[in-house]
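Asks: Here the protein sequences come in this chain order: U and B.
Here the first sequence is numbered in my numbering, starting from 1 and rising by one per residue.
Here the second sequence is numbered in my numbering, starting from 1001 and rising by one per residue.
Backbone N, C-alpha and C define an ideal beta-carbon position, used for all residues, glycine too.
I'd like to ask some things about the structure below.
Protein chains: 2
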Amino acid sequence: MKNSLPQDAKLVFKGELFEVWQWKQKMYDGSIEIFERVKQVDNVDVIAVVNDKIILEVQEQPDRAEPFISLPGGRCEEKEEPLVTAKRELLEETGYSSDHWELLMEHQPFNKMIWTIYNFIARDCSYEKIPRLDRGEKITVKLVSFDEFIAASQEPTFRNKYLGTYLSRASFDEAFRKKLYKTIFG
Amino acid sequence: MKNSLPQDAKLVFKGELFEVWQWKQKMYDGSIEIFERVKQVDNVDVIAVVNDKIILEVQEQPDRAEPFISLPGGRCEEKEEPLVTAKRELLEETGYSSDHWELLMEHQPFNKMIWTIYNFIARDCSYEKIPRLDRGEKITVKLVSFDEFIAASQEPTFRNKYLGTYLSRASFDEAFRKKLYKTIFG
C-alpha cells in the first residue's frame, strides 16, 4: 500500500525541499476536515561493489557538527528515474561507475510523507574519474569489507537508518548474513 | 545527535500538521544556500500490558482504503509532555489506564524532520471507562499474547514501522526475545 495523494489534493506550499499538500476529507460522522501530507522528491542509495569491497562515504555537511557514515546516493532531480539518479550520484560522489545494477528494495519510511527511498546494488564498479562534489558536500570515499560494512551500518552515525535496521539481522542471523552476501556480491 | 533547528531558523509555513522552517546556511565555498526542515508535534506509542496480554488496535482512517494494526498512541498537543499524551491517548482509544509507566525508547526516524516518537510501556493496565474516539477514528481493541504481538509487528499493515524493525530481531534471536519479554512484562 504505497502512500499517495488523493486526486483533489492541492499544493498549498512549495519550499526548497518540501511541498505541502492538503485536501478536504470526509470524516466518519459526515463532517469535513483538512488533511495534509508532505511531499519531497525521491531518494536513492547505492550499495556499490568494487571487487570484494563495498563503497562507504564519510561525509560532513555544513549544518551538521559531526561527520556521518553513509552510502553513495542523493535526491532524484525533477522527473529523473531512480536508476538514472543512482548512476549519476555514484559517479559524482565517488568517481565509480557500473554496468550491473539491481534494485534491492524500495522503502517508504513515513506514513504522512509522499517519499520513496530506492536502494540499488551496483556490481563490478570501476573507477572512471575524479568525483565532482556539490558545494554543500565534503565526502571521503572508503572501500570496506562485507564485515566492516555490516558493522558500520550499526553505528549511530550511519545515515541510512532504514537500511541499518534491515541489516541488523545480519549481525546475529548467520543464514540471513550468507544470503545477503550473495545478494550483494552476486 | 538529535535533529534540531539552528537559532536563526524562520517559520515559513504553518499548516494543519506540519511547519516548514528555513535558514541561510553558509556552504564550504563561502556561498549561502537556503536550508529547510519540516517540523511536527511529537508522537507517542504505548505497549500496554493487561495481565499477560498486550493491547493492539485494528484501525480504519477515512483516507485509507484498508484497515491497519497499530499500538495505542497519537500526537502530543501543544506543550504537552509525552507521558501525559501517552496516558491520555491510551485512555481515549482503549479505555484502559495504568500507574506503571516506563519509556522504552525515543526515536527520530527522519533526518530532515524535527520529530520524535516516544515509545512507552504501560504495565498492569486496568479498564477504566468506554473509549472516546475522534471523528476520524474507527478503532477495535484486541488483547493479544506476546507471541501474537511479535507476529503482528511483522505484518506489512503494522503501522509503527520503526518498532516493527526493532522487534524483528525477536523473531530469530531467542536471547533478545526473552529480554524483550522481561522488559515489557517486568
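Considering Cα atoms alone, identify which of U/SER31, U/ARG88, U/GLU36 is closest to U/LYS112.
Replies: Checking every option, the nearest Cα to that of U/LYS112 belongs to U/GLU36.
Asks: If we define contact as Cβ-Cβ less than 9 Å, is U/MET113 a contact residue for chain B?
Replies: Taking Cβ atoms only, chain B reaches closer than 9 Å to U/MET113, which makes this a yes.
Asks: What's the call for U/GLU93, buried or exposed, on a 16-neighbour Cβ count within 10 Å?
Replies: Flag for U/GLU93 reads buried.
Asks: Candidates B/ALA1009, B/GLU1066, B/GLU1033: which alpha carbon is nearest B/LYS1138's?
Replies: Comparing Cα positions, the closest option is B/GLU1066.
Asks: According to the Cβ coordinates, are B/PRO1062 and U/MET27 closer than 9 Å?
Replies: Closer than 9 Å, so yes.
Asks: What number of angstroms, rounded off, separates the C-alpha of U/ASP99 from the C-alpha of U/LEU91?
Replies: Whole-angstrom Cα-Cα distance: 12 Å.
Asks: Using alpha carbons as the reference points, say which of U/LYS39, U/GLY15, U/ARG75, U/GLY30 lies closest to U/ALA9.
Replies: The candidate whose alpha carbon is nearest that of U/ALA9 is U/LYS39.
Asks: Could you check what DSSP says for U/PHE35 in three-state terms: helix, strand or coil?
Replies: Strand at U/PHE35.
Asks: Taking the beta carbon of B/GLY1030 as the centre, do at least 16 other beta carbons fall within 10 Å, making it buried, or is it exposed?
Replies: B/GLY1030 is exposed by the Cβ-count criterion.
Asks: When burial is assigned at 16 or more other CB atoms within 10 Å of the CB, is U/ASN51 buried or exposed?
Replies: Exposed.
Asks: Please report how far the alpha carbon of B/GLY1192 lies from the alpha carbon of B/GLU1089, in whole angstroms.
Replies: Residue coverage of chain B in this structure runs from 1001 to 1186, which leaves residue 1192 of chain B outside it and unanswerable.
Asks: Taking Cβ positions only, does U/GLN154 come closer than 9 Å to chain B?
Replies: By this cut-off, U/GLN154 is not an interface position.
Asks: At what residues does the alpha helix (DSSP H) containing B/THR1183 begin and finish?
Replies: Run containing B/THR1183: 1174-1185, per the alpha helix (DSSP H) assignment.
Asks: Using a Cβ-Cβ distance cut-off of 9 Å, determine whether B/MET1105 contacts chain U.
Replies: B/MET1105 does not count as touching chain U.
Asks: On the DSSP bridge list, what partners appear for B/PRO1126?
Replies: Before going further, note that residue 1126 of chain B is Ser rather than Pro in the sequence given. B/SER1126 is bridged to B/SER1097.
Asks: In the DSSP output, what is U/LYS19 paired with across the bridge?
Replies: Reading off the sequence, residue 19 of chain U comes out as Glu, not Lys. U/GLU19 is bridged to U/LYS14, U/LYS39.
Asks: Per the contact definition of three or more C-beta pairs closer than 8 Å, is the segment 1063-1082 of chain B in contact with the segment 1158-1175 of chain B?
Replies: Yes, the segment 1158-1175 of chain B touches the segment 1063-1082 of chain B.
Asks: Could you give the distance in angstroms between the alpha-carbon of U/SER4 and the alpha-carbon of U/PHE110?
Replies: Roughly 12 Å between the two C-alpha positions.
Asks: Taking the continuous beta strand (DSSP E) assigned at B/SER1145, which residues delimit it?
Replies: Element bounds for B/SER1145: n/a, residue is neither H nor E.
Asks: Which class does U/SER70 belong to by DSSP, given the choice of helix, strand or coil?
Replies: It is a strand residue.
Asks: Hey, U/LEU56 and U/VAL144: beta-carbon distance below 9 Å or not?
Replies: Closer than 9 Å, so yes.
Asks: Report, in whole angstroms, the separation of the C-beta atoms of B/TYR1127 and B/LEU1103, which I expect to be a contact under 8 Å.
Replies: Their Cβ separation, rounded to whole angstroms, is 24 Å, which puts B/TYR1127 and B/LEU1103 out of contact at 8 Å.
Asks: Comparing C-alpha positions only, which one of U/LYS14, U/VAL46, U/ILE184, U/ALA152 sits nearest to U/PRO82?
Replies: Cα-wise, what sits closest to U/PRO82 is U/VAL46.
Asks: With distances taken from CA atoms, which of B/TYR1096, B/GLN1025, B/SER1097 is nearest U/ARG64?
Replies: The shortest Cα separation from U/ARG64 among B/TYR1096, B/GLN1025, B/SER1097 belongs to B/GLN1025.
Asks: By the three-class DSSP mapping on this structure, what secondary structure does B/TYR1166 have?
Replies: In this structure, B/TYR1166 counts as helix in the three-state DSSP scheme.
Asks: Between which two residues does the beta strand (DSSP E) harbouring B/GLN1059 extend?
Replies: Counting along the chain, the beta strand (DSSP E) containing B/GLN1059 begins and ends at 1053-1060.
Asks: Spatial neighbours of B/LYS1142 within its chain, please: CB distance less than 7 Å, with the 5 preceding and 5 following residues excluded, ordered by chain position.
Replies: Hits under 7 Å: LEU1056, VAL1058.
Asks: How would you list, in chain order, the residues of chain B whose beta-carbon sits under 8 Å from the beta-carbon of U/TYR28?
Replies: Near U/TYR28 (Cβ distances below 8 Å), the residues of chain B are PRO1062, ARG1135, GLY1136, GLU1137, LYS1138.
Asks: Please determine, among B/ILE1034, B/SER1171, B/VAL1020, the residue with the shortest C-alpha to C-alpha distance to U/PHE176.
Replies: Residue B/SER1171 is the option with its Cα nearest to U/PHE176.
Asks: Is the CB of U/VAL38 under 9 Å away from at least one CB in chain B?
Replies: Answer yes: the Cβ-Cβ gap between U/VAL38 and chain B drops below 9 Å somewhere.
Asks: Give the DSSP-derived three-state secondary structure of B/ARG1088 in the structure shown.
Replies: Residue state, collapsed to three classes: helix.
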